[in-house]
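Per our numbering, residue 986 is the first one in the sequence shown, and the count goes up by one each step.
Have a look at the structure below, then the notes.
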Amino acid sequence: MKVIFDGYWWFGGPPSGRLVVRELVAAWIESFPDDEVWLACRRSDVQPLQAALPNLNLLPLDLPIHALAAAFEVPWKARGMGAQILTQNFAPLARNGAVFIHDAIFKEHPEWFSMRERLYLSFIGLLLQLTNSTVLTSSKTEARRIKRFLRAKEISAVGLAVASSLSTAVSTPPRGAPKSRDFFLSVGRLNVRKNLATVVCASAASETVTEDTPLVVVGEPNGLPDDGPAIARQLVNEKALCFLGRVSDGELRWLYENARALIYLSLDEGYGLPPIEASAFGTVRILSDIPILREVNGDGPIYTDPLDVEALAEVIRDVPEKLKQMRVHQTAIQTSWADVAVKVRQVLGNQKGIHTS
C-alpha cells in the first residue's frame, strides 16, 4: 500500500496532532515495512525532517493554513500517485481520502470555544460534507458524536495509545516540583473544558491539599481561558498549589510515578490520554464520571461528578488509605500504536468504516 499522512503539525500546532502523526507513522513503518509511506509536511519542515528521518518520503506543502493544505494541496500534489491519503480534522478533496477527526466537541459545546476557534473548526464539517470522506476517530463515544453532529456516514474508532517517548523516558524530577513526594496531580491544557477550577476549589474544601500534600498542575493555556477561582492565589501562596507549566516526558513520567493520584475532571473529551498515561505507570485515577472516560478507562478509577465540588472534596479527603489499596487494581488494558496502525490500515485498505450505533 502507498499512503500519505498529514504531517502539517509534525513540529508544531496542537499536541494531539503531533502525537497522532508521529506515533502512527513510526508504528506503520515498523509494522508494514513493504508499504510506501509519505509525509505531507510544511516546506519549512523538510530539512529537519530529512535530518531526523532520512528514509521517509516527503511531500512539501506551501499553503500557510492547515485546513487549506489538507483539503486542497495534499490531494493536488498526490494526484497520479495512487496513494491513500489520511489527513487530520480537515478532509481531503480526493476519492481515496480519509480523515482522522479528533473530536466534534466544538459542535456540541460551542460555549467552550472562542469565536475564532469556532469559525476555523467549522471547516471540519463543511469539508466532510463536500468530500463524504471515510472518518476515523479515537473512541466509540466520539464516533457517535461525529455521526450526530457532523453527519458522517462511515466512521471507524481506532483508539489511541501512550506516546513511545513517554513510555521510554528516563524518570526525572521536574524543576520547581514541590519538596513533598506526596502530592495530587492534574494534567491537561488550561482552559474552560478541562475544569481545573472545580479541582482547585475541591482541593481547598478538602483541607487535605496542603504544603505537605500539594496539588501539582501540569499544562499550558490553550483555548478559551479558565480564569480560575479566587482561592487559587491563596493556595499558591500557601504552597498547596503548584503550576509547573509544560514538562518533559521524563518529568511527566516522574510525576505519574510519584503522585498520590491523578485528578482529571475534564467536562468532555474525544479520548482523554492523561488517565491512560497515568494507568501505564500505576497511578490512581480520580476521573469525571462521563461516558468517554468510562469507555476508555473501565471500572478501575474512582469516578465523580465533575461539577460537584463537595463530592470531589470528599474523595480527596478519604483517599489516603483507600487509594493505596486500590493502586494495584487500577491498571487499564493498554492499546499499542501498532494496534492503532493495523486498524487504520484496514480502513484505508477498503475505504469502508465501521458503522456505529
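Cβ atoms here follow ideal geometry from the backbone N, Cα and C, with glycine treated the same way.
As DSSP reads the structure, residue 1171 sits in a beta bridge with 1202. Taking one beta carbon from each stretch, the segment 986-1002 and the segment 1041-1060 have 3 or more pairs nearer than 8 Å; the two touch.
Distance from residue 1202 to residue 1181 at the Cβ level is roughly 7 Å; contact confirmed, criterion being Cβ atoms closer than 8 Å. Counting of Cβ neighbours within 10 angstroms places residue 1123 among the buried residues, the total reaching 16 or more.
Around the C-beta of residue 1061, fewer than 16 other C-beta atoms lie within 10 Å, and the residue is accordingly described as exposed. Residue 1116 counts as buried, since no fewer than 16 other beta carbons sit within 10 angstroms of its beta carbon. Annotation: residue 1169 to residue 1112 spans about 42 Å, alpha carbon to alpha carbon.
According to DSSP, residue 1247 shares a beta bridge with 1170 and 1270. In this structure residue 1153 is exposed. Its beta-carbon is surrounded by fewer than 16 other beta-carbon atoms within 10 angstroms. Residue environment analysis places residue 1094 among the exposed positions, since fewer than 16 neighbouring C-beta atoms fall within 10 angstroms of its C-beta. Judged by DSSP secondary structure, residue 1025 falls within the beta strand (DSSP E) whose first and last residues are 1021-1027. When DSSP states are grouped into helix, strand and coil, residue 1288 belongs to the strand group. If you check the CB distance, residue 1156 and residue 1238 come in under 7 Å. In this model, residue 1088 and residue 1255 are separated by some 5 Å (Cα to Cα). Residue 1079 is a Cβ neighbour of residue 1070, given a cutoff of 7 Å. Shown here, residue 1082 sits in a strand according to DSSP, grouped into three states. Restricting attention to 1131, 1121 and 1076, the CA atom closest to the CA of residue 1092 is found in 1131.
Straight-line spacing of the CA atoms in residue 1017 and residue 1226 works out to 46 Å. DSSP places residue 1179 in the helix class (H, G or I) of the three-state scheme. Between the alpha carbons of residue 1195 and residue 1241 lies a gap of roughly 19 Å. For residue 1144 against residue 1249, the beta-carbon gap comes to about 18 Å, at or over 8 Å, which does not count as contact. Around residue 1002, the same chain offers 994 and 1073 as residues with beta carbons nearer than 7 Å, after the five sequence neighbours per side are excluded.
The residue from 1231, 1119 and 1098 with its alpha-carbon nearest to that of residue 1177 is 1098.
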